[in-house]
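Chain order of the listed sequences is V and F.
So for the first sequence, my numbering puts the first residue at 25; every next one is plus one.
So for the second sequence, my numbering puts the first residue at 11; every next one is plus one.
Following: one structure in structure tokens, then a few remarks.
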Amino acid sequence: MSKMWVIIKREYAQVVKKKSFIVGIILTPLFMVGITVLPAMLASKKADDTQKIAVIDMDNKKVGEKFAESLTRYTLDNGLPAYEVTDIYYIDPNDTAKLTEQRAVLDSLVRAKQLKSYLIINHKAEVNDSIVLVAKSFGFRTNSRFEKRLSDVLSGIRLDKSDVNLEVDSILKLTRRIDLMQQAPGGRERDFLTMYLGGIVFVMIIFMTIIGYGQVLMRSIIEEKNSRIIEVMISSVSPFQLMAGKIIGLGLANLTQVGIWIVIGIGIYNFRGSLDISADVSAILFNPVFLSFFLIYLVIGYIMYSTLFALIGSIVNTDKEAQNFIFPITMSLILPVMVAMYIIQEPDSLITVTLSMIPIFTPTMMILRMNFIGVETFSFANPIILEATIGVAITILSTLLIIWLTSKIFRIGILMYGKRPTLPEIIKWMRYN
Amino acid sequence: MDEYLRLENICKSYETKKAVDDLSLSVPQGCIYGIIGPNGAGKTTTIRMIMNIIVPDSGNIFIKGAGVTKDFRNRVGYLPEERGLYKKMTLEEIIKFLAEIKGFPVRKIVESMDSWLEKMSLLDYKGKKVEELSKGMQQKLQFITTLIHQPELIILDELFSGLDPLNIELIKNILLEEKRRGTTILFSTHVMEQAEKLCDYICMINNGRKVLDGRLAEVKSKFGTNSIQINMEGDAGFIREFSGVKKVTEFPNYIELKLSSDADSRAILKEVADRMTIRRFEIMEPSLYDIFINVAGVKPAELDREGKADV
Numbered sequence: 025m026s027k028m029w030v031i032i033k034r035e036y037a038q039v040v041k042k043k044s045f046i047v048g049i050i051l052t053p054l055f056m057v058g059i060t061v062l063p064a065m066l067a068s069k070k071a072d073d074t075q076k077i078a079v080i081d082m083d084n085k086k087v088g089e090k091f092a093e094s095l096t097r098y099t100l101d102n103g104l105p106a107y108e109v110t111d112i113y114y115i116d117p118n119d120t121a122k123l124t125e126q127r128a129v130l131d132s133l134v135r136a137k138q139l140k141s142y143l144i145i146n147h148k149a150e151v152n153d154s155i156v157l158v159a160k161s162f163g164f165r166t167n168s169r170f171e172k173r174l175s176d177v178l179s180g181i182r183l184d185k186s187d188v189n190l191e192v193d194s195i196l197k198l199t200r201r202i203d204l205m206q207q208a209p210g211g212r213e214r215d216f217l218t219m220y221l222g223g224i225v226f227v228m229i230i231f232m233t234i235i236g237y238g239q240v241l242m243r244s245i246i247e248e249k250n251s252r253i254i255e256v257m258i259s260s261v262s263p264f265q266l267m268a269g270k271i272i273g274l275g276l277a278n279l280t281q282v283g284i285w286i287v288i289g290i291g292i293y294n295f296r297g298s299l300d301i302s303a304d305v306s307a308i309l310f311n312p313v314f315l316s317f318f319l320i321y322l323v324i325g326y327i328m329y330s331t332l333f334a335l336i337g338s339i340v341n342t343d344k345e346a347q348n349f350i351f352p353i354t355m356s357l358i359l360p361v362m363v364a365m366y367i368i369q370e371p372d373s374l375i376t377v378t379l380s381m382i383p384i385f386t387p388t389m390m391i392l393r394m395n396f397i398g399v400e401t402f403s404f405a406n407p408i409i410l411e412a413t414i415g416v417a418i419t420i421l422s423t424l425l426i427i428w429l430t431s432k433i434f435r436i437g438i439l440m441y442g443k444r445p446t447l448p449e450i451i452k453w454m455r456y457n
Numbered sequence: 011m012d013e014y015l016r017l018e019n020i021c022k023s024y025e026t027k028k029a030v031d032d033l034s035l036s037v038p039q040g041c042i043y044g045i046i047g048p049n050g051a052g053k054t055t056t057i058r059m060i061m062n063i064i065v066p067d068s069g070n071i072f073i074k075g076a077g078v079t080k081d082f083r084n085r086v087g088y089l090p091e092e093r094g095l096y097k098k099m100t101l102e103e104i105i106k107f108l109a110e111i112k113g114f115p116v117r118k119i120v121e122s123m124d125s126w127l128e129k130m131s132l133l134d135y136k137g138k139k140v141e142e143l144s145k146g147m148q149q150k151l152q153f154i155t156t157l158i159h160q161p162e163l164i165i166l167d168e169l170f171s172g173l174d175p176l177n178i179e180l181i182k183n184i185l186l187e188e189k190r191r192g193t194t195i196l197f198s199t200h201v202m203e204q205a206e207k208l209c210d211y212i213c214m215i216n217n218g219r220k221v222l223d224g225r226l227a228e229v230k231s232k233f234g235t236n237s238i239q240i241n242m243e244g245d246a247g248f249i250r251e252f253s254g255v256k257k258v259t260e261f262p263n264y265i266e267l268k269l270s271s272d273a274d275s276r277a278i279l280k281e282v283a284d285r286m287t288i289r290r291f292e293i294m295e296p297s298l299y300d301i302f303i304n305v306a307g308v309k310p311a312e313l314d315r316e317g318k319a320d321v
């Protein structure tokens, strides 16, 4: 044990002392935010300024005016109107020269950013739905708002022309559309975008630290093989002590890193008010039950996968040879992210539950499911808690199996230089005593 | 002298090849023991089995008459055939680390580290990283890490490979010092001439089998002092007529006589001295190289007589 402790200390110090460790602590979250949260935040970001819009109306049924009036309901956070219709130009549908001229003027205003966009309401728009929005770029939110408002205006015109006896406004009220509010059982607000991103962040932490530290482990074993220090090492410690010492040492470095992130995360949680994350959502992400399961899965997942990386390191001679073996490992870790859109919709379906009970997927899959379903208290009444606990047991058992098999292969593999062993050879090693 | 290490009927095969075949040997305590043989003779495999890095297919290994226990690892210093250290660690760190995994107290390492570094003229590099050292310096550093934890048994595989003559001299002296302290030293080499100067006991192996073993002096006398070199003035043609002289080879400055086993070298000296002036009269001992070729019947190309470092 004391010898293993010496190895643990060395492996830990070798990683933590490096500048890349500090850089990784800072850069990895930035990278994760960069590839997950940031694009979504940008896409859903509200404009800060009132958008100026012009309208070319070739129908003269007051579509432009009604549309402009309907837009007043949208305001920005600072109370200013979200949209302002600056001008409405009425052009005769047959006067194409005037239209071309007017468009040229408005085009240049759009290019000069004096106008955000302009609408062209064609002749008989209420019949042929022919309305064009001209802009340099289009936002999802603005698009859907314009569509809704224009539909209403055109419906109004159509109703006016028909023989319905009811007031137009009352019909519009009767047929109005709603936005569904989403709540979880217990009345908690569910903002799916934030939930999705939150879940992905935790999966990414597991994924990136396992891949990162797993590869460090694998490389250091390959280096020990190539520099032949491995012989000195195993003339002093048993191969198992060496393997376990390396896995634990790097694992502690990994935990140090994640620990620092969690501290930063809790810091952010305390300032959540200014970050526009709803309290219900952040309560799910930062609750003790969830975080405990996350840490448990991080640790078991790390041990399971890094043992596999140690196995690869012991049987190959170069990084290049190792790449073929790393691919399936990376795939099995990233699978939950790829199927996350399905899991978010069906977190309790048979296929999701089955996948999350396959040990190599369990750590990431369970975290994702727990995140979507929500865990507040540790109670087996909540099926996901029961499943997650069973998942922990299954993963621990299969990790022990993997460690047992790997230790049999490892002690022979590390002394095999040169030719990479074939599968039958590896199976033969497992039978040696 | 007490026995320190004994190998009994050790066998080890790889796939189709027998690497070590029924090898038995006995290493007395406090001696320098050389395992000698050409490349691929099974020296490294034998040493790895002693180190418990690989397990013999059959046979037994005893330390001081008992089986090998786990803490044997702590009492042995091992220099593998292919040298290597952690390149990113400083000299100080790696010396401490490698001694610590032998269970040697850090305090004692710190005490002796500087004098070891001084001895190997590495003291100025104490805080430098291993990768900043030259190959030769790394060898010397690894030699320190093999010895600093005061092992009872030192095992050195291909001791002389990669060392220049100056460092060979340095390391020889350190090994002799260790021997005086009672440490048992086992080394392997394919460089016969170096082995001859250093060891008390030898074991010659070829193709995994023992060719001969024993005390160096006994081995040499067993293979007879059956040739004489004489430097003299004048024509020595008459020597051919002496009884017991089997063959005479004339060189520009001396002649070499091969004698039959019952020949009396003193009688020959007397006879020659009566007739002419002798500048040199030397009874030649057979070199290990000659003995090996004689006993094992190996082609000379496979052996390194001169002590050139192997690549």
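A virtual CB, placed ideally from N, CA and C, is assigned to each residue, including glycine.
Check, Outcome
"Report the rounded CA-to-CA distance for F:Trp126 versus F:Tyr88, giving the unit in angstroms.", "17 Å"
"For the alpha helix (DSSP H) that contains V:Ala106, what are its first and last residues?", "From DSSP, V:Ala106 is part of no alpha helix (DSSP H); its letter is neither H nor E."
"Using the C-alpha atoms, what's the distance from V:Ile450 back to F:Gln149?", "34 Å"
"Could you spell out where the alpha helix (DSSP H) holding F:Asp124 opens and where it closes?", "116–129"
"Considering only the alpha carbon of each residue, which of F:Ile215, F:Ile238, F:Asn84 lies closest to F:His159?", "F:Asn84"
"Work out the CA separation of V:Glu248 and V:Arg34 for me, nearest whole Å.", "14 Å"
"Alpha carbon to alpha carbon, how far is F:Glu316 from F:Val201?", "Below a pLDDT of 50, predicted positions are generally treated as unreliable, and F:Glu316, at 49, falls in that range; the measurement from the model is reported next regardless. In a straight line, the C-alpha of F:Glu316 is about 7 Å away from that of F:Val201."
"Just checking my contact of F:Asp81 with F:Lys22 at CB under 8 Å: how many whole Å lie between their CB atoms?", "Wrong, their Cβ atoms sit about 24 Å apart, outside the cutoff."
"Taking the alpha carbon of V:Ile181 as the reference point, which residue from V:Phe91, V:Lys270, V:Ile230 has its own alpha carbon closest?", "V:Phe91"
"If contacts are defined as beta-carbon pairs under 8 Å, then V:Val79 and V:Ile115 qualify, I think. What distance do you get, rounded to the angstrom?", "Their Cβ separation, rounded to whole angstroms, is 11 Å, which puts V:Val79 and V:Ile115 out of contact at 8 Å."
"Relative to the C-alpha of F:Gln152, which candidate in F:Leu95, F:Cys213, F:Met214, F:Lys280 has its C-alpha closest?", "F:Leu95"
"Pull up the CB-CB distance for V:Leu130 and V:Leu139, whole angstroms please, since I reckon it's below 8 Å.", "6 Å"
"Do you know how far the Cα of F:Asn62 is from the Cα of F:Glu18?", "15 Å"
"Can you list the residues of chain V that F:Ile111 reaches, using a CB-CB cut of under 8 Å?", "Lys27, Val30, Ile31, Met257, Ser260, Val261"
"State yes or no: is the beta carbon of F:Ile63 nearer than 8 Å to at least one beta carbon in chain V?", "yes"
"Does the stretch 185–196 of chain F come close enough to the stretch 161–170 of chain F that 3 or more CB-CB pairs lie under 8 Å?", "yes"
"When you compare the CB positions of V:Ile31 and V:Gly337, do they come within less than 8 Å of one another, or not?", "no"
"Are V:Thr419 and V:Ile324 touching if we call contact CB-CB under 8 Å?", "yes"
"Using a beta-carbon distance below 8 Å, is V:Gln38 in contact with chain F?", "yes"
"Please list the partners that V:Asn251 has in chain F, where partner means a Cβ-to-Cβ separation under 8 Å.", "The question names Asn, but residue 251 of chain V is Ser in the sequence shown. Ordered by position in chain F, the residues that pass the 8 Å Cβ test against V:Ser251 are Gly94, Leu95, Tyr96, Lys97."
"To which residues does DSSP link F:Arg191 through a beta bridge?", "The partner list for F:Arg191 (beta bridge, DSSP) is empty, contrary to what the question assumes."
"Work out the CA separation of V:Val416 and V:Gln369 for me, nearest whole Å.", "24 Å"
"In the structure shown, what three-state DSSP assignment does V:Tyr98 receive?", "coil"
"DSSP on V:Ile433, reduced to helix/strand/coil?", "helix"
"Within 8 Å of any Cβ in chain V, is that where the Cβ of F:Arg117 sits?", "no"
"Report, in whole angstroms, the separation of the C-beta atoms of V:Tyr326 and V:Ile426, which I expect to be a contact under 8 Å.", "Not a contact, Cβ separation roughly 12 Å."
"What do you get for V:Tyr441, buried or exposed, if any count of 16 or more other CB atoms within 10 angstroms of its CB means buried?", "exposed"
"Quick one: what's got a C-beta closer than 6 Å to F:Lys257's C-beta in the same chain, skipping five residues either side?", "Lys268"
"Below 8 Å between beta carbons: does that hold for V:Arg393 and V:Pro371?", "yes"
"Within 8 Å (strictly less), CB to CB, does V:Arg34 reach chain F?", "yes"
"Leaving out five residues before and five after F:Leu132 in sequence, what residues of the same chain have Cβ atoms less than 7 Å from its Cβ?", "Leu101, Met147, Lys150, Leu151"
"Say whether chain F places a C-beta atom closer than 8 Å to the C-beta of V:Met439.", "With the sequence shown as reference, residue 439 of chain V is identified as Leu, and Met is not the correct amino acid for it. Yes, V:Leu439 counts as interfacial toward chain F."
"Apart from the five residues on each side of it in sequence, which residues of its chain come closer than 8 Å, Cβ to Cβ, to F:Arg58?", "Ile64"
"Pull up the distance between the alpha-carbon of F:Lys28 and that of F:Glu110, whole angstroms please.", "36 Å"
"Kindly identify the DSSP beta-bridge partner or partners of F:Arg290.", "F:Asn241"
"What does F:Arg16 pair with, by DSSP beta-bridge criteria?", "F:Ser36, F:Phe72"
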